[in-house]
Structure formats: C-alpha cells, structure tokens
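In the numbering used here, the protein residues as written are 0 to 360.
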C-alpha cells in the first residue's frame, strides 16, 4: 500500500525548497523502499535546484544517504528488509559492454526505480540522481543499495554515497596515485578534501592543496595535505612546480569543474603526468588548449565519474578503513540538520564554511 512521507522538493528553477508530502509506492520488481536515516547536502543538489542539471522539475532532492531497507519487490535477492545500506546512484546492469569486459565501474546502463514517487496531487517527481533521499523514505532500484557494517553512524556512512567516494576514488581509482607520488588537488571542498584523504591513503609523498579560501586550506591540512597554495594570491601552476622540484605533480586532481582551474591542472602536472577531472562543469562551459601542448606533454587526461567506484567493492572497504581509524569520515560532517533546514544549508554552502551539512531523520 502506498505510503505518505515528508520530503524536500525543488519546485522550480532557483525557487526555495520546501517540505511536502511524498507518495511512495510499494516496491515493484527489482525495487526497494529504504527508510532514510541520514543524507548529506551535496553541491549537486544545489545544481538541481538551480536547473543546472536539467529542467525536469519538481525534483525530490537528496542522494548522499544511508538507511534501512524496509521492503523489497519481486526478484530482489541481494538485500533484504532490515539491511543497513548506503545508496548509490550508479546501479550497474551487469550485462552492458563495460560490465561484460570486467569494468563495471564504467557501466553504460546504470538504472533506477521504474516507478515514480509523486506529490499528493499525482505530480511525478524527479529524484536527484535517481535517489531522492531528503525524505523519510525513498524508492530506489535494489541495485542502488549497498550493504555495509550497521555499526557505523548513518551520517558518516551516507557520505560515501557521493562526494567523499568521488574524491577518494578520483585519487585511488582514476588517478592511480601510488607510493611516493606528488599530488596536487585544486579545489578543497568536500570532494577535494576527500581526494586529499585518498592520496594520503595511497601513500603519496607530497599532497599540495590549492584553493582561494584559507579556511578551506586549513581544513585540507587537517585532512592530510602537506602543502597549501592560496591561488588568489599566488600563481597556482608556478607554486606547484616550485614545490615539485620544477617538474609539476605526478597527479593533479581538479575538483572545481571550471575551464580556468582545469587549465591550471593541465600545466601543473609533470610531463607524462595525469590530470583527473572530478569537479562537475555546467553545460555551457568550454575548454580551449593548444593541441600541440596536449600532444607534447603526453600523459593522461581523465574524467572521474563517481570516483570510478564499484559500490559493492568500495563502500564496505572504506567503512572498514574508517572503523580501523585509518581514515576519519566523521571529519567531513560539519553539522547535522533537519529536513526543514536544507535551504539554510544551501546558503551555508555558498558561504564556504561547511564541508557537509547532513540531514538526520
């Protein structure tokens, strides 16, 4: 029987979000209803509100979440009611050309729930990244549920559902940071700081954090950066080269998603070094680089989707590392809030003084 719950919607482009009653259908084949315990406020949610992703309003916001499986539909065997899960937005299909070649993190046919959640009047909602977790409960594809150790705090676990996984994965999975490498991270919000954590975990010898905000640079040092550069007052490329013996970094992770910072990343890497773009650009942005420089510098220019993660592999591993004290996922949680505080959380995000506001239900 359909359930009525409270959830946060974005009704239209740049309109204030509001709490509404959401209708959650019973799970159909391959689907699951999850009772949400915590959900991080991610910049992608703000992009949805601003219409920067698409214009399929109204959106049910929230996607960086953890909770308890309440019920499952026909044919679901990987999760059962009562399982503690992190939600992911790339449920792999297992049958596309990437999956059958053993590279499921590049799955070309990721999927979501087929049924729609609605408002009371029947208006269909577009769930952010196919999840919609600023709600007491949500409907997802069962493959979007990844079981992890239930002893971890939900507000910590949920962060792996997007930003923290994207940053750690950009360093470890996409950038292949190795022992003794030099790494530069441009942009020190939640994703950038996670890239710092991932680089430290991988054994990087030098981790250079770049931002225009000294508060963010201080936090990056706490997370493991060995050096910081304020690019408002210094030339980021020259500073990175100076800190790497004049060569540039082995891996440069661009966590902003702007042409000017990507260009910094391109020229701040060593010859045959790697650039990883994990910051999300907006549709109108264009990049212009001399093609001869692209050819002459060699190396790799990579984009990192979701940290090139495989949730079933990476989420449990990172939870284990957190519980062992090898990474501190709780350090990303700046504040916990309620459903009615999401609009204020977006404002704090603009001010730059939070890594993550986390909605706790």
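Beta carbons are placed, not taken as given, at the ideal position from N, Cα and C, and that holds for glycine.
How many Å lie between residue 288 and residue 262 at the Cα? Sequence index remark: in the chain shown, residue 288 carries index 289 (1-based). Sequence index remark: in the chain shown, residue 262 carries index 263 (1-based). Straight-line measurement puts the Cα of residue 262 at about 8 Å from the Cα of residue 288.
Kindly indicate which residue of 107, 214 and 146 has the alpha-carbon position closest to the one of residue 186. Along the chain shown, one-based indexing puts residue 186 at 187. When the alpha-carbon of residue 186 is set against those of 107, 214 and 146, the nearest one is in 214.
Considering only residues of the stretch 165-215, which uninterrupted beta strand (DSSP E) runs meet the minimum length of 3 residues and lie entirely inside it, listed in chain order? 181-185 and 205-210, all fully within the stretch 165-215.
Excluding five sequence neighbours on each side, which residues of the same chain lie with their C-beta closer than 6 Å to the C-beta of residue 202? Walking along the chain shown from the start, residue 202 turns up at place 203. If the five residues before and after residue 202 are omitted, its C-beta is found closer than 6 Å to the C-beta atoms of 178, all from its own chain and listed in chain order.
Closer than 6 Å by C-beta to residue 243: which residues in its own chain qualify, once you throw out the five before and the five after it? Chain order, please. The residue given as residue 243 occupies position 244 in the chain shown. Close CB contacts of residue 243 within its chain, under the 6 Å cut and outside five residues either way in sequence, are with 181 (chain order).
Which word fits residue 3, buried or exposed, when buried means at least 16 other C-beta atoms lie within 10 angstroms of its C-beta? Your numbering for residue 3 matches position 4 in the chain shown. Residue 3 is exposed by the Cβ-count criterion.
Unbroken beta strand (DSSP E) run spanning residue 275, endpoints: If you number the chain shown from 1, residue 275 lands on position 276. First-last of the beta strand (DSSP E) with residue 275: 268-276.
Thinking C-alpha only, which one of 52, 58 and 138 is nearest residue 10? Stepping through the chain shown from its first residue, residue 10 is reached at position 11. If we check each option's Cα against that of residue 10, 58 comes out closest.
Got a sec, what are the start and stop residues for the alpha helix (DSSP H) residue 239 sits in? Reading the chain shown from its first residue, position 240 is the one you call residue 239. Here the alpha helix (DSSP H) through residue 239 covers 235-242.
I need the straight-line Cα distance from residue 81 to residue 71, nearest angstrom please. Sequence index remark: in the chain shown, residue 81 carries index 82 (1-based). Sequence index remark: in the chain shown, residue 71 carries index 72 (1-based). Taking the CA atoms as reference points, residue 81 sits about 10 Å from residue 71.
Spatial neighbours of residue 318 in its chain, beta-carbon cut-off 6 Å, leaving aside the 5 residues before and after: On the chain shown, residue 318 is found 319 positions in, with the first residue counted as 1. So the qualifying residues of the chain are 147, 148 and 151.
May I ask whether a heavy atom of the ligand HEM can be found less than 7 Å away from the beta carbon of residue 354? The ligand HEM is absent from the structure shown, which contains no ligand whatsoever.
Can you find at least 3 beta carbon pairs, one from the stretch 103-114 and one from the stretch 36-51, that sit closer than 8 Å? The answer is no - the stretch 36-51 does not touch the stretch 103-114, with fewer than three Cβ pairs under 8 Å.
What are the boundary residues of the alpha helix (DSSP H) that includes residue 44? If you number the chain shown from 1, residue 44 lands on position 45. Per DSSP, the unbroken alpha helix (DSSP H) holding residue 44 starts and ends at 42-49.
Beta-carbon contacts of residue 299 that lie in its chain and below 6 Å, excluding the five residues immediately before and after: Taking the first residue of the chain shown as position 1, residue 299 is located at position 300. 273.
Other residues of its chain near residue 16: CB distance less than 7 Å, five sequence neighbours each side excluded: One-based indexing of the chain shown puts residue 16 at position 17. The residues are 7, 8, 9, 48, 60, 341 and 342.
Just to confirm my understanding: we take residue 212, look at its own chain, exclude 5 residues before and 5 after, and list those with CB closer than 7 Å. What are they? Taking the chain shown and counting its residues from 1, one reaches residue 212 at position 213. A distance below 7 Å between beta-carbons, with the five flanking residues on each side excluded, links residue 212 to the following residues of its chain, in chain order: 351.
Quick one: grab the DSSP three-state call for residue 329. Residue numbering aside, residue 329 sits at position 330 when the chain shown is read from its first letter. If DSSP states are grouped into helix, strand and coil, residue 329 belongs with the helices.
Counting C-beta neighbours from all protein chains within 10 Å, is the total for residue 226 16 or more, i.e. buried, or is it exposed? Here residue 226 corresponds to residue number 227 of the chain shown, with the count starting at 1. Of the other Cβ atoms in all chains shown, 16 or more fall within 10 Å of the Cβ of residue 226; this residue is therefore buried.
Who are the near neighbours of residue 24 in its chain, counting only those whose CB is closer than 6 Å to its CB and skipping five residues on each side? Position 25 of the chain shown, counting from 1, holds the residue named residue 24. Here residue 24 has 1 and 114 as same chain residues with Cβ atoms under 6 Å from its own Cβ, once five neighbours each way along the sequence are excluded.
Should residue 279 and residue 252 be called a contact, given that it needs their Cβ atoms to be closer than 8 Å? Within the chain shown, numbered from 1, the residue matching residue 279 stands at position 280. Within the chain shown, numbered from 1, the residue matching residue 252 stands at position 253. It is not a contact, given that the beta carbons lie outside the stated cut-off.
Suppose contacts are defined by Cβ-Cβ distances below 8 Å. Is residue 19 in contact with residue 86 by that definition? Here residue 19 corresponds to residue number 20 of the chain shown, with the count starting at 1. Here residue 86 corresponds to residue number 87 of the chain shown, with the count starting at 1. Residue 86 sits away from residue 19, with the two beta carbons spaced by 8 Å or more.
Alpha carbon to alpha carbon, how far is residue 357 from residue 64? Along the chain shown, read from residue 1 onward, the residue named residue 357 stands at position 358. Along the chain shown, read from residue 1 onward, the residue named residue 64 stands at position 65. Straight-line Cα distance between these residues: approximately 9 Å.
Mind checking which residues open and close the beta strand (DSSP E) that includes residue 3? Mapped onto the chain shown, residue 3 falls at position 4. Start and end: 2-9.
Does the stretch 293-309 come within contact of the stretch 264-273, defined as at least 3 CB pairs closer than 8 Å? Verdict: yes, contact present.
Beta carbon of residue 275, beta carbon of residue 169: below 8 Å? Residue 275 sits at position 276 when you count from the first residue of the chain shown. Residue 169 sits at position 170 when you count from the first residue of the chain shown. Against a cut-off of 8 Å, the Cβ pair of residue 169 and residue 275 comes out as a contact.
Is the CB-CB distance between residue 331 and residue 189 below 8 Å? What you label residue 331 is simply residue 332 of the chain shown in a count that begins at 1. What you label residue 189 is simply residue 190 of the chain shown in a count that begins at 1. The answer is yes: Cβ separation under 8 Å.
Taking the alpha carbon of residue 33 as the point to measure from, which residue in 175, 130 and 344 has its own alpha carbon closest? For this step, residue 33 is matched to residue 34 along the chain shown. Cα-wise, what sits closest to residue 33 is 130.
Residue of 132, 314 and 206 minimising C-alpha distance to residue 145: Position 146 of the chain shown, counted from the start, is the residue given in the question as residue 145. Comparing Cα-Cα distances from residue 145 to each of 132, 314 and 206, the minimum goes to 314.
Take residue 126 as the anchor and find which of 55, 294, 194 and 259 has the nearest alpha-carbon. On the chain shown, position 127 is the one that residue 126 refers to. In terms of Cα proximity to residue 126, the closest of 55, 294, 194 and 259 is 55.
Determine which residues share a DSSP beta bridge with residue 229 and list them. By 1-based counting over the chain shown, the position of residue 229 is 230. In the DSSP output, where bridge partners are listed per residue, residue 229 has 210.
Using beta-carbon positions only, say whether residue 50 and residue 90 come within less than 8 Å of one another. Position 51 of the chain shown, counting from 1, holds the residue named residue 50. Position 91 of the chain shown, counting from 1, holds the residue named residue 90. No, Cβ-Cβ distance for residue 50 and residue 90 is not below 8 Å.
According to the neighbour-count rule (16 or more other Cβ atoms, all chains shown, within 10 Å of its Cβ), is residue 265 buried or exposed? Walking along the chain shown from the start, residue 265 turns up at place 266. Counting Cβ neighbours within 10 Å, residue 265 comes out buried, since at least 16 surround it.
DSSP bridge partner residues for residue 144 (one or two, in chain order): By one-based count along the chain shown, residue 144 stands at place 145. Partner(s): 86.
With residue 318 as the anchor, note down where its alpha helix (DSSP H) starts and where it stops. Taking the chain shown and counting its residues from 1, the one referred to as residue 318 is at position 319. That run of the alpha helix (DSSP H) goes 310-322.
Relative to the C-alpha of residue 218, which candidate in 122, 354 and 164 has its C-alpha closest? By one-based count along the chain shown, residue 218 stands at place 219. Of the candidates 122, 354 and 164, the one whose C-alpha sits nearest the C-alpha of residue 218 is 354.
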